[in-house]
């Protein structure tokens, strides 16, 4: 028997949720525990309740809606928080597709053995103390140092932001201890990249989720007068960074094709027209679907930076700020997703996810898989983010079919 | 007859002036019309008066001390304003060496035909509306747009800063109309670079002063997700800048040896770990002692940037923020300085000044020359700036001898 989700109802849900946190500057701004996010949480709980699901929230603010069954639950979900000036689909599409699946199961009384749960994880986007607060708390991967170590992105201590939410730093830290066992986890998400759109394929089945390293780094040289210091006597920290940016990109592109390196933030000191830069601070992130490559990159890029520093009379400093490990989607999950795509007649391809997702975090706890739908022009984290209804419909239908296989 | 300055008296003056504007964070902070600068102005006028000079101040706040004579005056001077956390010698050494020369002339009743004037020009360091406000006003090179176009570096309109000084925007603009004719201008200054110190030569005679262009520029690409955008599909604005920084430096070092290019300030947007940079804003300054090379550099560097932008799918924007033209020191002045060095038995070399100076601005009005003394380790614009007493003494003795030749 083949079941289908109601794409019109799913689209309406996405539109309704997208009205919470509309940013006057464009797009949607709904970082975790902002007023808009609190509204969205109430809205979601009301929808889960309407759908006849048992609603609960854990100590990290993760929200669950459950259909009872026997044994460990099969879980589906994503997140409803957003970055600033986001689109309406990153995260929301996954949570609301999960809700629509469970609605179908209940309304049509579709047989299933295991419990089914839809989850919305707190702060996937990392507005508070780093990515994946909710799923990391759920899977017991947080520690006090990590969540207390500093201000949040909006400049307040986490404890301050939690006031009035009923949550505390303690309750977040204890979330992992109380977690239920989970049979499997599925997440539908927009690709956030251009591959599916360029290939003209409506569905992507994720076989690996890339791991990443976030490093903060500095080249340190010596400030000098830009009018009086000959080029060959300079210790220009910015030229060290420029050299590293080009060489590291070239290295990854040629030696580790498919892995990624990005320098996204740069600050030059003292930062004036006529002063040769004494220091160039920058963020360095690199990602790979292979743990071996990630480890190699860490060694190779740091050696490259040290070498550039030596050659240019600079010094180089670096420390890891955050890290996630690459995840391979288990064959059982990937096979089920492939079989259901074929059964439904949907073109699909397998691909690696460069972005991190709650499914990656959940894979420490259970077998986790992901369905991607195309991001037109590869755009996400932008008011211009979009999805095509027919892709979303196909994705949600595969999600439903796979959930039923896993919960059978 | 050979006259000598009193180095002990000159050193005391420099020490006394250096006590005005001591910065708790280190060094001296005495930007024009700060409280410390107003104190320094009073202090200087008192020293000029004590020395028996006729003191006047023009509409731009330039301060002059004069010994009478016949015909157009021979002028000597520099500035007493500083950058933030400066040393005690940049500018001050030139003004106080000039004062010491005129004191010698008066005390020893040294014969001279022309009037002799020592000048301290306002805001050489450009804390208000750009470099050389005082000497530009004196030589009639200011316009209303330039001095009204924005806030000063300390964030107030110029008119606001001038309150209580007796000066106005009008009086600054009118300064050039009332200026006297000048026979010649000499300036003693610290080199602010490493050449004399590295060569172990106590005096540098400047044959050219470099001109410069200050441009603000941007490479503009497209933001995208650092985890999902393949390297070959990125339009990374920062990599465009990195490419340009290395190529432009290489180009100047190989094709225009002796000219300089500096990227001193960089801002990357949006500036986050996981977002491929959409825009890289930066300052570009280049300097050359040759007007032809300066013009060529302007064309070549911009063409290079356009080419890099095209290759990398970026666009490039640039505009000139400020410009000074290179100046050749007239043979008459340079010959007099060389002859007096030889007569006094002082080792010297000729060199170009990469930094701009009031003498450069004054050269639009009269024959101008400069004497450099070594900056140990090339350090200036720093609390660690220093001079050796014996170098300063030699420089001031040559200054006195040359002034007397020009005023004969």
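Chains as they are written, first to last, in my numbering: chain A, -11 to 396; chain B, -11 to 396.
Glycine is no exception: its CB is placed at the ideal position from the N, C-alpha and C atoms.
All values reported here derive from a predicted model rather than from experimental measurement.
| Asked | Found |
| --- | --- |
| First through last residue of the beta strand (DSSP E) which encompasses residue 250 of chain B | 248 to 250 |
| For residue 350 of chain B, the first and last residue of its enclosing alpha helix (DSSP H) | 346 to 350 |
| Per-residue DSSP class, three states only, for residue 69 of chain A | coil |
| Opposing strand residues paired with residue 256 of chain A [DSSP bridges] | A:268 |
| Residue -7 of chain A vs residue 384 of chain A beta-carbon contact at 8 Å | yes |
| Neighbourhood of residue 253 of chain A by C-beta, 7 Å cutoff - its chain only, sequence neighbours within 5 removed | 270 and 271 |
| The region 57 to 65 of chain A in contact with the region 146 to 160 of chain A per 3-pair CB rule at 8 Å | no |
| Cross-chain neighbours of residue 286 of chain B in chain A, by beta carbon under 9 Å | What residue 286 of chain B touches in chain A: nothing, since even the nearest Cβ is about 16 Å away. |
| 8 Å Cβ cut-off: residues of chain A touching residue 193 of chain B | Those do not exist, as residue 193 of chain B stays about 16 Å from chain A at its closest Cβ, beyond 8 Å. |
| CB contact below 8 Å: residue 253 of chain B versus chain A | yes |
| Where the alpha helix (DSSP H) through residue 286 of chain A begins and ends | 279 to 299 |
| Residues that residue 179 of chain A contacts on chain B, provided the C-beta gap is smaller than 7 Å | 216 |
| Presumed contact (8 Å Cβ cut-off) between residue 394 of chain A and residue 324 of chain A, rounded CB distance | 7 Å |
| Proximity of residue 49 of chain B and residue 114 of chain B at Cβ, strictly below 8 Å | no |
| Span separating the alpha-carbon of residue 102 of chain A from that of residue 45 of chain A | 20 Å |
| Where residue 319 of chain A falls, given that 16 or more other Cβ within 10 Å makes a residue buried | exposed |
| Contact list for residue 275 of chain B against chain A, beta-carbon separation under 8 Å | 214 and 215 |
| Per-residue burial, residue 245 of chain B [other beta carbons within 10 Å of its own, 16 or more giving buried] | exposed |
| Contact residues within the region 240 to 272 of chain B, judged by C-beta distance below 7 Å to chain A | 240, 241, 248, 250, 251, 252, 253, 254, 256, 259, 260, 261, 262, 263, 264, 265 and 271 |
| Cβ-Cβ distance between residue 81 of chain A and residue 176 of chain A below 8 Å | yes |
| Below-8 Å beta-carbon distance, residue 20 of chain A vs any chain B residue | no |
| Element boundaries [beta strand (DSSP E), containing residue 226 of chain A] | That residue, residue 226 of chain A, is in no beta strand (DSSP E); its alpha helix (DSSP H) goes 225 to 243. |
| Rounded C-alpha distance that separates residue 353 of chain B from residue 197 of chain B | 15 Å |
| Pair within 8 Å by beta-carbon distance, residue 105 of chain A and residue 188 of chain A | no |
| Cβ-based burial, residue 223 of chain A [other Cβ within 10 Å; buried from 16] | buried |
| Contact set between residue 342 of chain B and chain A, taken where Cβ atoms lie within less than 9 Å | 213, 214, 215, 216, 217 and 218 |
| Coil, strand or helix - residue -4 of chain A by DSSP | helix |
| According to DSSP, residues forming a beta bridge with residue 51 of chain B | B:45 and B:108 |
| Whole-angstrom distance between residue 257 of chain A and residue 178 of chain B, CA atom to CA atom | 24 Å |
| Same chain, Cβ closer than 7 Å to residue 366 of chain B, five either side skipped, listed in chain order | 181, 182 and 185 |
| Where residue 226 of chain A meets chain B, residues with beta-carbon distance less than 7 Å | 233, 251 and 254 |
| Contact check, residue 75 of chain B vs residue 371 of chain B, beta carbons under 8 Å | yes |
| Anticipated Cβ contact below 8 Å, residue 201 of chain B with residue 307 of chain B, distance rounded | The Cβ separation is near 11 Å, so there is no contact. |
| Sequence ranges, alpha helix (DSSP H) only - wholly within the region 331 to 387 of chain B, length at least 4 | 346 to 350 |
| Residue 233 of chain B Cβ short of 7 Å to the ligand GTP heavy atom set | As for the ligand GTP, it is missing from this structure, which has no ligand bound. |
| Closest Cα partner of residue 305 of chain A within the set A:14, A:295 and A:161 | A:295 |
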